[in-house]
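Undergrad:
Structure, rendered in structure tokens:
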């Protein structure tokens, strides 16, 4: 059952000054839109360690205003010129084992850099996949696919609303992009004309100003790749990308005192033998976030192994359990010395 | 100034009401009032507002504008407000959320007036944790509001500054009203009843805002708080015995006066250190002791009855006093930094107990007799109140919000 609701809203000034009603109007992609072929000045990229999004596949693009460049900050993040856009499209192959037979594009999220801030805009694709429309209040829609084990998966996919975008992106009340950082981009990407390191390529394309930092570039661990590091490092990389956007000082979950960024050294802040603060029934009747050697008594495992909105972590944007991430965290805790 | 045409496709997963309210919350401009309308509205996901100033969210009355989250499929709370200034919530009810009912984080100036948070199936560990939940906020006013059925605290103010909680009611929660790691707090004219614990003043370690102090609790009724503790294990309030009127845990500069503390079966007023939790303290910036606590001019009443025998405090008290347990219980763990060479507590840092009606006193003297908080099981307590017969200067909470 679908019907149409139309409302007219009178605006003086608003984030929507930067919005267009449909994705096609931005001109980021050639027609047909669903092939996601970028137009001139729009460049694809990828990040090393990815936030779990219900097994959705993602395509990322960046557009920097003509003649402008990103500059690098000391912490490896970038400063963006006004008018920069980060574009991320979420889609599911109909069959994960045969991606070429078809796909369903669900949403495209835009982050647009304004004079003082970032604006997050969610666009939801139509059924015929010809275009996507702005849904500032987000959306929920049924989505299904055949996963890599040939199982049919059906979920009620949630497109975040503009506020929920901020739920992850806000740090000390300032909106920040999350993925594009030196360490996350420092690997080889398959461009149309051959593969190249993304940082080098961005400099070559004139998107990014060269920086002495580039001589000794750090590299994120890809938690999905068992060869990229020991369990401890991969588990910490998983926590960093899936949890630490909120769970760090200045983040939305700072009230918990649980800080999960990769650089965190304090065992209590990481949750080891730390009683919860406001977990409610999220404790699962366990006393500590992490009990070394005992994943099944650890609140962390209980919460990432749930899909109940009152229990699960992350608390937004998840309908499925990330089995591979869960297994990694279990192994990490199991191997911890009590 | 311009118009924007918004066309939204609405499905059964996302009601037009929910989408409309969420859209208004996103587009609100300073000075706006968002009207929730009259009715019982089913909401499936969290509503949220972020980065706004001077907004009123208004219903037509607690019993007329009801947002029901029964069957909620996403979001950890009913209504979330963050990073905002001067927000007023008035005249509505949030029901049956999967997590917290209303959470406000990083809001400077937040008023809850005639707002109800409730879980309609009665006390249940499956209920959400907090009803009205401002955290890391400044200038908080909660008045004429009601919280029912929270599996942690009905009204919970955490890590905040300048707070008034008044004329409100909390029942069937684990904790009726809980003030945690907060500074400059007035809790008065409230009615906390039939919870596990009526009013809790807690200071916990490992948090962003470290210390709570300058807290007054006065002219409240804390009655019949004998509900079995139904908090999921692991939560700090799980340590509260059923039958607690008022509990002060590790807080400083607290004045409890002119309250009616009636028929709470285990302890009318408890003054305890963090060690009651039997957890080690690893936060070097955290002080686990109570100090400068004044309990005066309260009225206590308690019929002979069993204390909570499922809790170690209840067991300890029962072993010594049977069904006639004292109303005021101090764990006897003063802050060592305020004790002089002779073992006396320095002036101004003491626990002072004066002019209470119907209040027997016991000092558990945990520091003298027990290695740890509860062991060994020896009931050698002191009922000598004379060291605590003193007065502290009245606390001036210096709250700027008084509205």
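Protein chains in written order, with the numbering used here: chain A, 521 to 858; chain B, 26 to 428.
Yeah, the Cβ is synthetic: ideal placement off N, Cα and C, and Gly gets one too.
(1) Identify, in the order they occur along the chain, each residue of the same chain with its Cβ nearer than 8 Å to the Cβ of residue 34(B), setting aside the five sequence neighbours on each side.
(2) How should residue 43(B) be labelled, buried or exposed, when 16 other C-beta atoms within 10 angstroms of its C-beta is the threshold for buried?
(3) Exposed or buried, residue 635(A), counting other C-beta atoms within 10 Å across all chains shown (16 or more means buried)?
(4) Have a look at residue 89(B) and residue 142(B) and give me their C-alpha separation to the nearest angstrom.
(5) Please classify residue 671(A) as buried or exposed, where buried requires at least 16 other C-beta atoms within 10 Å of its C-beta.
(6) Reducing DSSP to helix, strand and coil, say where residue 43(B) ends up.
(7) With burial defined as no fewer than 16 other Cβ atoms inside 10 Å of the residue's Cβ, what is the status of residue 418(B): buried or exposed?
(8) Do we get a CB-CB distance below 8 Å when we pair residue 799(A) with the residues of chain E?
(9) Cβ of residue 49(B) within 8 Å of Cβ of residue 68(B)?
(10) Please report the distance separating the alpha-carbon of residue 845(A) from that of residue 758(A).
(11) Taking residue 666(A) and residue 615(A) to be in contact with their CB atoms under 8 Å, please state how far apart those CB atoms are, rounded to whole angstroms.
(12) For residue 676(A), decide whether its Cβ has a neighbour in chain B, counting only Cβ atoms nearer than 8 Å.
(13) Which residue from 660(A), 697(A) and 737(A) puts its Cα closest to that of residue 607(A)?
(14) Please give the ranges of any beta strand (DSSP E) in the stretch 323 to 392 of chain B, keeping only runs that are unbroken, at least 3 residues long and fully inside the region.
(15) Can you find a C-beta in chain B that's less than 8 Å from the C-beta of residue 689(A)?
(16) For residue 612(A) and residue 826(A), I'd like the C-alpha separation in whole angstroms.
(17) Give the residues of chain A in contact with residue 150(B), contact being defined as C-beta atoms less than 7 Å apart.
(18) Whole angstroms are fine: how far does the CA of residue 95(B) sit from the CA of residue 199(B)?
(19) Mind checking whether residue 793(A) and residue 808(A) have CB atoms under 8 Å apart?
(20) So residue 684(A) contacts chain B; which residues on that side make the cut at Cβ distance below 7 Å?
(21) Going by alpha carbons, who is nearest to residue 72(B) out of 596(A), 568(A), 557(A) and 682(A)?
(22) Please report whether the beta-carbon of residue 596(A) lies at a distance below 8 Å from any beta-carbon of chain B.
(23) Just the chain A side, please: which residues come within less than 8 Å of residue 259(B) by C-beta, in chain order?
(24) From residue 553(A) to residue 639(A), what distance separates their C-alpha atoms?
(25) Cβ closer than 7 Å: which chain B residues qualify as neighbours of residue 693(A)?
(26) Quick check: the Cα distance between residue 82(B) and residue 108(B), rounded to an integer number of angstroms?
(27) Going residue by residue through the stretch 700 to 731 of chain A, where are the continuous beta strand (DSSP E) segments of at least 3 residues, counting only ones entirely within it?
(28) From what residue to what residue does the alpha helix (DSSP H) around residue 580(A) run?
(29) Roughly how many angstroms lie between the CA atoms of residue 841(A) and residue 574(A), to the nearest whole one?
(30) From what residue to what residue does the alpha helix (DSSP H) around residue 822(A) run?
(31) Rounded to whole angstroms, what's the CA-CA distance from residue 801(A) to residue 540(A)? Just pull it up for me.
(32) In angstroms, rounded to a whole number, what distance separates the CA positions of residue 822(A) and residue 798(A)?
(33) With 8 Å set as the bound, which would you pick, yes or no: does the beta-carbon of residue 823(A) sit closer than that to a beta-carbon of chain B?
(34) Go through the stretch 174 to 259 of chain B residue by residue and report every complete run of the beta strand (DSSP E) that reaches 3 residues or more, in order.
(35) Chain B partners of residue 829(A), CB-CB under 7 Å?
(36) Between residue 292(B) and residue 172(B), what straight-line distance do the alpha-carbon atoms span, to the nearest angstrom?
TA: Considering the structure as presented:
(1) With a pLDDT of 43 at residue 34(B), under the threshold of 50, the modelled position of that residue is not reliable, and the figure given next carries that caveat. Once the five neighbours on either side are set aside, residue 34(B) has no close Cβ partner at all.
(2) buried
(3) exposed
(4) 14 Å
(5) exposed
(6) helix
(7) exposed
(8) Among the protein chains in the structure shown, which are A and B, there is no chain E.
(9) no
(10) 7 Å
(11) 4 Å
(12) yes
(13) 697(A)
(14) 324 to 326, 353 to 355, 376 to 379 and 386 to 388
(15) no
(16) 22 Å
(17) 801
(18) 21 Å
(19) yes
(20) 73
(21) 682(A)
(22) no
(23) 795, 796, 799, 803, 804, 805, 806, 807, 808 and 819
(24) 22 Å
(25) 108 and 131
(26) 16 Å
(27) 708 to 711 and 714 to 717
(28) Element bounds for residue 580(A): not the alpha helix (DSSP H) but the beta strand (DSSP E), 577 to 583.
(29) 8 Å
(30) 819 to 824
(31) 42 Å
(32) 15 Å
(33) no
(34) 178 to 183, 186 to 191, 194 to 196, 200 to 205, 208 to 213, 216 to 218, 222 to 227, 238 to 243 and 246 to 248
(35) 97, 98, 99, 100, 101, 123 and 124
(36) 23 Å
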